[in-house]
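Numbering-wise (the working numbering), the sequence shown opens with residue 809 and increments by one. We put the CB at the ideal spot given by N, CA and C, even for glycine. To start, the structure itself, in structure tokens.
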Amino acid sequence: MVLPKQSKDKRLVWVRADILSQINRIANREGKTITTFVNEVLEQSVRVYDMKLTLTEVVDLYMLTKMCREGGNLTMPRNAVRYLISKVYHSNREELMQVFHDAGAWFGKYMMARMGGENLVERLRQILYVSVWDANEVYVDKNGDVISIRCVAPQLSMEETELLASYVYGMLYSIGFKSIEREVIRGIIIFKVKGGGVGEQAYST
809 MVLPKQSKDK
819 RLVWVRADIL
829 SQINRIANRE
839 GKTITTFVNE
849 VLEQSVRVYD
859 MKLTLTEVVD
869 LYMLTKMCRE
879 GGNLTMPRNA
889 VRYLISKVYH
899 SNREELMQVF
909 HDAGAWFGKY
919 MMARMGGENL
929 VERLRQILYV
939 SVWDANEVYV
949 DKNGDVISIR
959 CVAPQLSMEE
969 TELLASYVYG
979 MLYSIGFKSI
989 EREVIRGIII
999 FKVKGGGVGE
1009 QAYST
């Protein structure tokens, strides 16, 4: 079979029949031609990889962020959060720490119900990244049966860091991790827990 000569601005790309069928179905649903739909998808894919991300990371982070919002997580201006904490922290520190611990425990159970227990440890890094305030970096590293977790958020005050650590501890405990070491300094939270396994990975902003 002789293929028609391609113009300079077009290329022939082979696509699996089952994928093409799904593309056709979605394009019809969206009221677009296959060509228009495929070009839009490829343009967005290029944007993703130009940001040094993968499509899998983008989709996973979107779904986790969506679940966080549906689970009651709010986005608030930093100044408002700091003001509210300053009004309560020093007079009711233990009570506020317990509130954050309980909130983390509920969120951990919620994520377990939404995601199930399969591959939970592999998702832990992503869950922490989307739920930890202003996290610049979240690392998860496995050594034997010990998982080391490090959350770095330099913008946080010491009070915010302690409350966030209580939240994270509550979340980890509720999904079955046992804490064996904990260190909290301003803007940095470090935990070592017993649990499943995942090699060291990181998200950075």
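So, is residue i buried or exposed, given that buried needs 16 or more other C-beta atoms within 10 angstroms?
i, result
"His909", "buried"
"Ser974", "buried"
"Glu968", "buried"
"Ser829", "exposed"
"Ser982", "buried"
"Tyr937", "buried"
"Leu932", "buried"
"Glu838", "exposed"
"Leu863", "exposed"
"Glu902", "exposed"
Who does residue i pair with in a DSSP beta bridge?
i, result
"Arg990", "Phe999"
Compute the Euclidean distance between the alpha carbons of residue i and residue j, then round it to the nearest angstrom.
i, j, result
"Asn944", "Gly952", "26 Å"
"Arg990", "Ile998", "6 Å"
"Trp941", "Met920", "20 Å"
"Ser754", "Lys840", "Beyond the ends of the chain as shown, which are 809 and 1013, falls residue 754; an answer cannot be given."
"Val896", "Val866", "37 Å"
"Trp822", "Glu930", "33 Å"
"Ser894", "Ala961", "19 Å"
"Ile996", "Gly880", "24 Å"
"Arg922", "Val946", "22 Å"
"Leu861", "Leu872", "16 Å"
"Phe845", "Ser899", "57 Å"
"Ile957", "Leu972", "14 Å"
"Asn847", "Lys874", "26 Å"
"Cys959", "Val992", "10 Å"
Can you find a CB in chain C that lies within less than 7 Å of the CB of residue i?
i, result
"Val867", "Structure shown: chain C not included; a single protein chain is present."
How many whole angstroms separate the CB atoms of residue i and residue j, which I take to be in contact at a CB cut-off of 8 Å?
i, j, result
"Cys876", "Ser965", "Rounded, the Cβ-Cβ distance is 22 Å, inconsistent with contact."
"Leu934", "Asp868", "The question names Leu, but residue 934 in the sequence shown is Gln. Between Asp868 and Gln934 the Cβ distance is about 6 Å, and since that is below 8 Å, they are a contact."
"Lys986", "Val1001", "6 Å"
Would you mind stating whether residue i and residue j have Cβ atoms separated by less than 7 Å?
i, j, result
"Gly912", "Met859", "no"
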